[in-house]
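Position one of the sequence shown corresponds to residue 9 (my numbering), numbered consecutively onward.
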Amino acid sequence: MTEKYYVTTPIYYVNDIPHIGHAYTTIAADILARFHRLLGHDVFFLTGTDEHGQKVEEAARKKNRTPNEHADLLVDNFRRLWSKLDITHSAFIRTTDEEHVRTVQGLLQMLWDRGEIEKRGWTGWYCTPDERFWNERDLSQGKCPDCGRPVEQVEEENYFFLMSKYQKRLIEHIETNPEFILPESRRNEVLGFLRTQELGDLCISRPKSRLSWGVTIPFDENFVTYVWFDALLNYFSATRYLSPNRDRTLSGNTAPYYAPDGPFWWPADNHLIGKDILTTHAVYWSTMLMAMGLPLPRNIFAHGWWTVEGQKMSKSLGNVVDPNEMVDRFGIDAFRFFLFREVPFGLDGDFSIHALIGRVNNDLANDFGNLASRVLNMLSRYRDGQVPSSGAEGPREEEIRRVATGLADRMEEDLKVLRFQKAIEDAWELVALCNKYIEDTAPWKLAKDEADRDQLDTVLYTSAEALRFLCMHLNAFLPVSTERLWTQIGQPGRLGEIDLRKEAIWGRLRPGTMTEKGEVLFPRIDASVERKPMEKQDSPTKTPEDSTGANLIEISDFVRVELKTGKVLFAERVPKSKKLLRIEVDTGEKRQVVAGIAEHYEPEALVGKTIVVVANLKPAKLMGIESQGMILAASDPEGNLAVLTTERPMGPGARIR
Ligand code: ME8
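Put into structure tokens, the structure is as follows:
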């Protein structure tokens, strides 16, 4: 029987505009899905959107839409992005799907009938943005312990899933299944929490008087289901109506949606999530499955978070990385490759255009791309594009063959525990080996002497066969360029559809195969003409090449300058100076600044104004007076000068970006 492989991403809040974080998890799942398909496994790759709950309800209300209309409009942001990134998901689930809603209700009814759910009165605290309840003791200085935002007190009757009784079993499961939660640091984190704190029961309902946008509780229509309880069930419900129906037992399945024996696809092999939602998956979801009598997933992997040039990504900072833009500028493969080559999966990473360009130019253009174009050029020049039969092989060729044929096993081992970076490095060992091989054997010299014809054939065959191996093994990471290279080296059909185990046999490259030089696989990016990162485009038609490239700084250079608003408290002329004023200013803290504006401003005229101060300038002495910062002013060629102020009243100490 064919091995099955079921991988999931979180279902993303439909409200969000997709960003690099969403793309990261989804591309990770795509790499795994593609790799498993090449290994001949039956793959179910699920992604989708989380559409119920307060956030969607509120956002829809603000736009004068029903929550349904709102979700229908926004879901396409995700669908379009996945198509643009060439994501190969098998299904896209929406929690508003009728089948999902029925599954949730079926399972709730089953848990209620089994006594796994209880109704209780409850007083506690609620964090609206996080949609989570907290007990008094959970709060951190009276605020939400997770996000730090204010919480509101609530008193109401609700339904509770009796999660606490599974605490011991969950600890045992994590202890006996070392790969259940990865990476290990996250596993230890969950274990630490479970061993030291008492697990409470989980409130899984919301009264409709407070929230109506959700799945109605089947045994009490005054309540809807807590959005997380509904959302987590997607991983199971999808197997009932969205999975590839690969065997008859599934397509002919008439069992009720909540049938506890589970279909072929359950349990999932990898639930990929960000570290922010580990507790909901490792604890809520696992105990829910225990109560339902379903097996637990093989693995939950919590990856790290991306910051952008050292800063948290946020709308207010305007530094949100839009994957659409990255693909437009650099292409699918460069973006994918950077994300998984740069940072080990599981750790936090920092995104910058500078680093991305570095990776593309070094690893893709210099290493892999250069190897490909060298080999194709030599085949064209010395053998009219035809792959020759290999001559005698020596130790060098044997080494390449050994590394190439061991690659599938090594990469499979790496990807079992989601070591994407290591898998890429494994393939790069072959890239580096081949580049060195070409340097050492110098085919351009061999080509000069007919007596070396056999040896040249060996070098050409070995390098071309190695390219074929690289295409196959890197396809999951670089789907677009390897597919192209596959055609360039004369291979028939689609690379993405091969059976890796059958094809990864050394010598299957047929002598006589016609190759074509084609275009450069990974053109180098000229960093000097690339736009400043995260810079907003002035007009949609403006291209990076429009910029002169002169005098550009990176955003990372700019953000090092701390600009703040400052309220002028006092100003006076500096004795014996025509130009300088000493100004006392409140920038959140009091400081003095010496500024060369005395010819343009009377000191009194400045008092009370809100000006702009460079707040992190090293102090310097001017005419013996220490200046703790600098005031921004505009000056023109006519010699006019105007101190910058804010367009609207602002308090002192506000950050300027
Ligand atoms: O939490 N770096 O949805 P969500 C890396 N609907 N990954 C990031 C990231 C960042 N800066 N920001 C977000 C939800 N992510 C729930 C999930 S599942 C049953 C319900 C990624 O839209 C990461 O995968 O907030 C994270 O877990 C996910 O986006 C959260 O997406």
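From the three backbone atoms N, C-alpha and C, an ideal C-beta is built for every residue, glycine too.
All of these numbers come straight from a predicted model, not from anything done at the bench.
First and last residue of the beta strand (DSSP E) that includes residue i?
i	result
R214	213-215
V569	Counting along the chain, V569 falls outside any beta strand (DSSP E), and DSSP gives it neither H nor E.
D50	50-58
K92	Segment 75-92 is the alpha helix (DSSP H) holding K92; no beta strand (DSSP E) there.
N278	278-282
L630	628-630
V335	No beta strand (DSSP E) contains V335, which is instead part of the alpha helix (DSSP H) from 331-338.
V620	618-622
Would the beta-carbon of residue i be found less than 7 angstroms away from any heavy atom of ligand 1?
i	result
I39	no
M321	yes
D358	no
N242	yes
P352	no
Y21	yes
G282	yes
D24	yes
A239	yes
Y32	yes
D58	yes
P18	yes
I101	no
I619	no
G29	yes
W90	no
W274	no
W221	no
G189	As written in the sequence, residue 189 is Ile, which differs from the Gly given in the question. No, Cβ of I189 sits at least 7 angstroms from all heavy atoms of ligand 1.
I285	yes
W514	no
W313	yes
Is the separation between the beta-carbon of residue i and that of residue j shorter than 8 angstroms?
i	j	result
M298	L119	no
E607	K587	yes
K572	A662	yes
I225	F168	no
L280	V15	yes
R122	P137	no
I308	I189	yes
L630	V576	no
P368	F338	In the sequence as presented, Pro is not what sits at residue 368; that position holds Val. Closer than 8 angstroms, so yes.
Would you mind reading off the limits of the alpha helix (DSSP H) that contains residue i?
i	result
K510	508-511
I432	428-449
V425	That residue, V425, is in no alpha helix (DSSP H); it is neither H nor E in DSSP.
I591	Looking at the DSSP string, I591 is not in any alpha helix (DSSP H); the run it does join, the beta strand (DSSP E), is 589-594.
I28	28-46
K63	62-70
R3	Since the first residue shown for the chain is 9 and the last is 665, residue 3 is missing from the structure and cannot be characterised.
R599	Premise fails: R599 lies in the beta strand (DSSP E), 598-603, not in any alpha helix (DSSP H).
A299	294-300
T247	242-249
H289	It is not in any alpha helix (DSSP H) - H289 carries neither H nor E in the DSSP assignment.
E197	192-204
S536	It is not in any alpha helix (DSSP H) - S536 carries neither H nor E in the DSSP assignment.
Who pairs with residue i in a beta bridge, going by DSSP?
i	result
V232	R214, T224
M522	Q394
W130	E164
V109	Paired residue(s): none; V109 is not in a bridge.
W314	G357
R581	L589
P158	K151
A99	L54
E634	K629
A642	A650
Y21	D58
Y174	DSSP, once it has assigned bridges, lists no residue as partnering Y174.
T104	None, per the DSSP bridge assignment.
Q: Could you tell me whether the stretch 110-128 touches the stretch 278-285, where touching means 3 or more Cβ pairs closer than 8 angstroms?
A: Not touching, per the Cβ criterion.
**Q.** Stretch-stretch touch, CB-based, cutoff 8 angstroms, three pairs: the stretch 48-62 with the stretch 90-105
**A.** yes
Q.
When you compare the stretch 463-477 with the stretch 510-525, are there three or more beta-carbon pairs, one atom per stretch, that lie closer than 8 angstroms?
A. yes
Q: Flag this pair as touching only if the stretch 448-456 and the stretch 499-516 have three or more C-beta atom pairs under 8 angstroms; answer yes or no.
A: As far as the Cβ criterion goes, the stretch 448-456 does not touch the stretch 499-516, which means the pair count is below three.
Q. Would the stretch 197-212 and the stretch 320-332 be scored as touching if the rule is three or more Cβ pairs under 8 angstroms?
A. no
Q. Does the stretch 219-233 touch the stretch 173-192, meaning 3 or more C-beta pairs lie closer than 8 angstroms?
A. no
Q: Evaluate contact between the stretch 433-447 and the stretch 415-423, counting only Cβ atoms and requiring at least three cross-stretch pairs below 8 angstroms.
A: yes
Q.
I want to know whether the stretch 74-81 touches the stretch 25-35 - three or more CB-CB distances under 8 angstroms.
A. no
Q: May I ask you to verify whether the stretch 55-71 touches the stretch 352-360, counting CB pairs closer than 8 angstroms and requiring at least 3?
A: no
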